[in-house]
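Numbering (my numbering), first residue to last: 97 to 395.
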């Protein structure tokens, strides 16, 4: 029986045994159970793929993955998968959006009970909303697990401006996204979906893309001890940004139109931004692509 054929079948409550750190034993009485629960929270459906299995890792699945959850029309939705020690899919949950997943994750004991031990908790400073935003980035793009781990390996950095040791962190802002180079604080606007007014298609993105970009700058400051900003630092930040853009394109249905970022900006002509870098397609992109740097000129 295919995942599509199983759609709509309802199972009873699952039993769970807490496991240290990330991971949870989900005991299934039968194979291939599917349930439709929690629709008010945006959880579309969930599937149990094997019996007596222990989930040790999680990630969002590509939309074309055979294990992706599908809606009643057979269209793949955002799918969160749980995997056993052999990286075999054990559970799959379908969601309407990343926000719906965050609401669910915060209430799932297999994910939330060990949150203080998970990567991202320290950088979030105990702010649960920011923490689950960071976990969403990690589950979308596994490379960010290492980035966050490196950032959190240094609990304090030296602020040469105030001559004090400070803890890196993330603060919300109503303005632009940036890293405070002295204090190693990421300022993130959770409502920003464009930096330059969306004059070109690549300048349209979900807010988590901007957070992922600034996390690379935080890594540069904290793990690489880059205390002074310089334009070349943007190359690695844009490469990281494109990894998360690619993840949204492959895994989140609402972002089929998101494009890779070709470069940092362009130049100003009589006070107006001129975009030097045309939008290009994912077929022309690879993780090794080095985005071009901006050229600022005033004529």
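Just so you know, even glycine gets a beta-carbon here, dropped at the ideal spot from N, CA and C.
- The alpha-carbon of residue 268 is positioned some 30 Å away from that of residue 385.
- In the structure shown, residue 183 adopts coil according to DSSP, grouped into three states.
- Shown here, residue 284 sits in a strand according to DSSP, grouped into three states.
- At a Cβ-Cβ threshold of 8 Å, residue 177 and residue 157 count as neighbours.
- Between the region 211-220 and the region 285-298 there are fewer than three inter-stretch CB-CB distances shorter than 8 Å, so the stretches are not counted as touching.
- Separation of residue 261 and residue 320 (C-alpha to C-alpha, rounded to the nearest whole angstrom) is 17 Å.
- Following the DSSP letters along the chain, one finds residue 156 inside the beta strand (DSSP E) bounded by residues 153-156.
- The region 259-328 contains, as complete beta strand (DSSP E) runs of 3+ residues, the segments 260-262, 265-268, 274-276, 281-284 (chain order).
- Sorting 243, 235, 329, 242 by C-alpha distance to the C-alpha of residue 277 places 329 at the top.
- Straight through space, the alpha carbons of residue 348 and residue 250 are spaced by roughly 33 Å.
- Annotated as proximal: residue 332 and residue 312, with beta-carbon spacing under 8 Å.
- The beta carbon of residue 232 sits closer than 6 Å to the beta carbons of 194 from its chain, once the five residues preceding and following it are set aside; these are given in chain order.
- With a cutoff of 8 Å on beta-carbon distance, residue 271 and residue 257 are scored as not near each other.
- DSSP places residue 254 in the uninterrupted beta strand (DSSP E) bounded by 253-255.
- Just measuring C-alpha positions, the residue of 163, 171, 314, 139 sitting nearest residue 187 is 163.
- Residue state for residue 339 is assigned as helix, using DSSP reduced to three classes.
- CA-CA distance, residue 289 to residue 354, rounds to 11 Å.
- Within the DSSP bridge table, the entry for residue 389 names no partner.
- Judged by their CB atoms, residue 140 and residue 173 are nearer to each other than the 8 Å cut-off.
- If you draw a straight line from the Cα of residue 223 to the Cα of residue 160, it is about 34 Å long.
- For residue 250, the secondary structure class from DSSP, reduced to helix, strand or coil, is coil.
- Non-local beta-carbon contacts of residue 265 in its own chain, meaning distances under 7 Å to residues more than five positions away in sequence, involve 219, 221, 281 in chain order.
- With fewer than 16 other CB atoms across the displayed protein chains lying within 10 angstroms of its CB, residue 297 is exposed.
- The alpha-carbon separation between residue 326 and residue 377 amounts to approximately 28 Å.
- Between residue 302 and residue 335, the C-beta gap is not smaller than 8 Å, which leaves the two residues out of contact.
- Bridge pairing for residue 359: 388 [DSSP].
- Only exposed fits residue 324, as fewer than 16 other CB atoms lie within 10 angstroms of its CB.
- For residue 309, the CB contacts under 6 Å within the same chain, skipping 5 residues up- and downstream, are 333, 337 in chain order.
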